[in-house]
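Down below is the structure, laid out as structure tokens.
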Amino acid sequence: MDASNFVHLPARTSLSDEKSPAPTYLIISGGTGANSFVSAFGSSPAFVLPVSDDGGSSAEILRCFGGPSIGDIRSRLIRLIPLPEHPTTSEEKERLAIYNLMSHRFPIEVAEKILRDLWMQIVEGQSSLWDDIGRDKKECIRAFLVQFQTLCLRRAHKQFSFRNFSIGNGFLTGARDFFGSLPSAIFLFKAVAGVEHGVRVIPVINTNHTVTIAARLADSTTLVGQCSISHPAFPSATLAGSRVTSEIHAMSHLRHGSRRDSSTFDTSIPQSRRSSLDEYSPNLSGSGGNLGYRKGEDVVPLDARIEGVFYLNLYGQEVFPEPNPEFLETINSRDVLVYSCGSLWTSIVPCLALRGMATAIATSPSLRAKVVLLNTVNDRETPDYTASDYISGILDSLRHYDKPKRSDKGPLKSLWEARALVTHVVCLEKAAVKVDETLKAMGIVIVRVPSTIHGVSEGETPLFTTQAVKWAMTRVMENLKEER
1 MDASNFVHLP ARTSLSDEKS PAPTYLIISG GTGANSFVSA FGSSPAFVLP VSDDGGSSAE
61 ILRCFGGPSI GDIRSRLIRL IPLPEHPTTS EEKERLAIYN LMSHRFPIEV AEKILRDLWM
121 QIVEGQSSLW DDIGRDKKEC IRAFLVQFQT LCLRRAHKQF SFRNFSIGNG FLTGARDFFG
181 SLPSAIFLFK AVAGVEHGVR VIPVINTNHT VTIAARLADS TTLVGQCSIS HPAFPSATLA
241 GSRVTSEIHA MSHLRHGSRR DSSTFDTSIP QSRRSSLDEY SPNLSGSGGN LGYRKGEDVV
301 PLDARIEGVF YLNLYGQEVF PEPNPEFLET INSRDVLVYS CGSLWTSIVP CLALRGMATA
361 IATSPSLRAK VVLLNTVNDR ETPDYTASDY ISGILDSLRH YDKPKRSDKG PLKSLWEARA
421 LVTHVVCLEK AAVKVDETLK AMGIVIVRVP STIHGVSEGE TPLFTTQAVK WAMTRVMENL
481 KEER
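Heads up, the sequence shown is in our numbering, so the first residue is 1 and it goes up one at a time.
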């Protein structure tokens, strides 16, 4: 890696000698991409998350009840619950108990009857998970778990499976069904869990309908559904509905095939309880369906590179959804936009492949920096990608859905240059993804976080931490001051 490609900034700990208001942040990410450093963005960050995940218990909820996927949102909300290191007061103990309840996930390899019994203990308020939760909040939470149980009974013919089921997903689904609004369900979750009032969690699209994404590959084929793109259930890429030709003809292509968890889970059943359950459970390891995806499993490579990700309607046609108005309002009121690390094509791009996003970002009266946290390793979606490949994926997605109107003055050109949409790229020293000279030619500033900051030993994969992100954001703001 050529050191001349980087802009080296002075290692100061303050933006200036004069005190200035802390910058406010808008973070675009998936359900796990920013979970390890959510506290790096101050007391009032805004997180925008996709609603197109079709894996894990989200898949089972979508199969039986429809609606937008809430797995990524639930994962982020749980991470935002403020937990003391050593809870002593009743309020702190209650918050920890709510965290444990909402992050509780049923095991996979357990008989369905046992899981239903466990579920009913929770719904009826008899489970030990309710310990330390005050009666007022207990009955509030339980009411929406009862609402979810009502949904299960109303759609009994669907035979909802509780394997790999997340209690937090059940709460959000019950609340969304009751209010008819996902933002209202998010508000309720924040209120009962004690999430800081200034923190915002925003679904990228405000809808009560199921949202489906698809990826167009360089070999002219199309993969339908996030799991088919990111982590298909089986090595075969030709499962019914998981891989179709570039012409998508019918609704029948959109809902077939097995789905796996997209690693947005938090906590499985405690080991102390698992041992007692395994005594009664059959061996279900070979069954299909709602199996949990685990990072580190063998990844089947794509046959060709992804050229773009887009949304589909119920008839398999490409559509251009409107972004959540709350998302647009936040773009116009925050100082720094962060494109988080994570799955580029299934976590970040679904938040960008919307009408008018490029114009909204480029013309924001408040945004001072648009920062990419560059992945440290590549995955199935981004094989052999360099930094410029990641940036091209972001820029191409924004420009594709924000093209200028046709005119008679020659060929169409993108309305916004790279610098209007991305100003800085943050990379970690010794990361596997190569940072190339193309970014410098685009006018994008590169901020490299040294090993002494991110704290990863030689030979280990560096990861973004709260300390590393805070350090990088300080460097970004200092660079903006120097450019004035």
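Note that CB positions come from ideal geometry on N, CA and C, so glycine has one too.
Note that the structure is a prediction, hence the values are computed from the model and not measured.
Unbroken alpha helix (DSSP H) run spanning GLU307, endpoints: On the sequence shown, residue 307 is found 307 positions in, with the first residue counted as 1. Segment 306-312 is the beta strand (DSSP E) holding GLU307; no alpha helix (DSSP H) there.
Between the Cα of THR375 and the Cα atoms of SER220, ARG475, LEU314 and LYS430, which residue gives the shortest distance? Numbered from its first residue, the sequence shown carries residue 375 at position 375. Reading off the sequence shown, one finds Asn at residue 375, where the question assumed Thr. For ASN375, the nearest C-alpha among the options comes from LYS430.
Excluding the 5 residues preceding and the 5 following ARG74 in the sequence, name in chain order all residues of the same chain whose CB lies nearer than 6 Å to its CB. For the purposes of this step, residue 74 is taken as residue 74 along the sequence shown, with counting starting at 1. Here the set comprises GLY168, ASN169 and LEU172.
Between ARG200 and THR32, which are expected to be in contact by the criterion C-beta below 8 Å, what is the C-beta distance as a whole number of angstroms? What you label residue 200 is simply residue 200 of the sequence shown in a count that begins at 1. What you label residue 32 is simply residue 32 of the sequence shown in a count that begins at 1. About 19 Å; that fails the 8 Å criterion.
Contact check, ALA40 vs THR474, beta carbons under 7 Å: Against the sequence shown, residue 40 aligns to sequence position 40. Against the sequence shown, residue 474 aligns to sequence position 474. No.
Three-state secondary structure (DSSP) of GLU483: Position 483 of the sequence shown, counting from 1, holds the residue named residue 483. Of the three classes helix, strand and coil, the one that applies to GLU483 here is helix, per DSSP.
What whole-angstrom Cβ distance do PRO183 and ASN206 have, given they're in contact under 8 Å? For the purposes of this step, residue 183 is identified with residue 183 of the sequence shown, where counting begins at 1. For the purposes of this step, residue 206 is identified with residue 206 of the sequence shown, where counting begins at 1. With a Cβ gap of about 6 Å, PRO183 and ASN206 count as contacting.
Drop a sphere of 10 angstroms on the beta-carbon of MET102, count the other beta-carbons inside from all chains shown, and report buried for 16 or more, exposed for fewer. Here residue 102 refers to the residue found at position 102 of the sequence shown. Counting Cβ neighbours within 10 Å, MET102 comes out buried, since at least 16 surround it.
Below 8 Å, can you find three or more Cβ-Cβ pairs linking the segment 354-364 to the segment 314-332? yes
Apply the 10 Å Cβ neighbour rule to PRO232 and answer buried if 16 or more other Cβ atoms are within range, or exposed otherwise. To locate residue 232, count along the sequence shown from 1; it is residue 232. Buried.
Compute the beta-carbon to beta-carbon distance between HIS424 and VAL476, rounded to the nearest angstrom, for a pair I have assumed lies under 8 Å. The residue you call residue 424 lines up with position 424 of the sequence shown. The residue you call residue 476 lines up with position 476 of the sequence shown. Confirmed, Cβ separation roughly 5 Å.
Check ILE108 in the structure and name its three-state DSSP category. Taking the sequence shown and counting its residues from 1, the one referred to as residue 108 is at position 108. It is coil, neither helix nor strand.
Going by CA-CA distance only, name the one from SER161, GLY55 and TYR25 that's closest to SER43. By one-based count along the sequence shown, residue 43 stands at place 43. Among SER161, GLY55 and TYR25, the Cα nearest to that of SER43 is on TYR25.
Would you list the residues sitting across from VAL445 in a DSSP beta bridge? Sequence index remark: in the sequence shown, residue 445 carries index 445 (1-based). HIS424, per the DSSP bridge assignment.
Coil, strand or helix - GLU381 by DSSP: Residue numbering aside, residue 381 sits at position 381 when the sequence shown is read from its first letter. GLU381 falls in the coil class under three-state DSSP.
According to DSSP, which residues form a beta bridge with ARG216? Position 216 of the sequence shown, counted from the start, is the residue given in the question as residue 216. Per DSSP, THR222 and GLY308.
Would you mind working out which of VAL371, VAL146, THR212 and GLU94 sits nearest GLY194, comparing C-alpha positions? As a first step, residue 194 is located in the sequence shown; it is residue number 194 there, counting from the start. For the residues VAL371, VAL146, THR212 and GLU94, the minimum Cα distance to GLY194 belongs to GLU94.
Report buried or exposed for GLN126, applying the criterion of at least 16 other Cβ atoms within 10 angstroms of its Cβ. The residue you call residue 126 lines up with position 126 of the sequence shown. So GLN126 ends up on the exposed side.
Span separating the alpha-carbon of GLY180 from that of ALA46: By 1-based counting over the sequence shown, the position of residue 180 is 180. By 1-based counting over the sequence shown, the position of residue 46 is 46. Those two C-alpha atoms are separated by around 23 Å.
Out of ARG368, PRO365 and CYS227, point me to the one whose CA is closest to VAL299's CA. By 1-based counting over the sequence shown, the position of residue 299 is 299. Closest option to VAL299, Cα to Cα, is CYS227.
Assumed close pair SER347, PRO50 - CB separation to whole angstroms, cut-off 8 Å: As a position in the sequence shown, residue 347 is number 347, starting the count at 1. As a position in the sequence shown, residue 50 is number 50, starting the count at 1. Between PRO50 and SER347 the Cβ distance is about 6 Å, and since that is below 8 Å, they are a contact.
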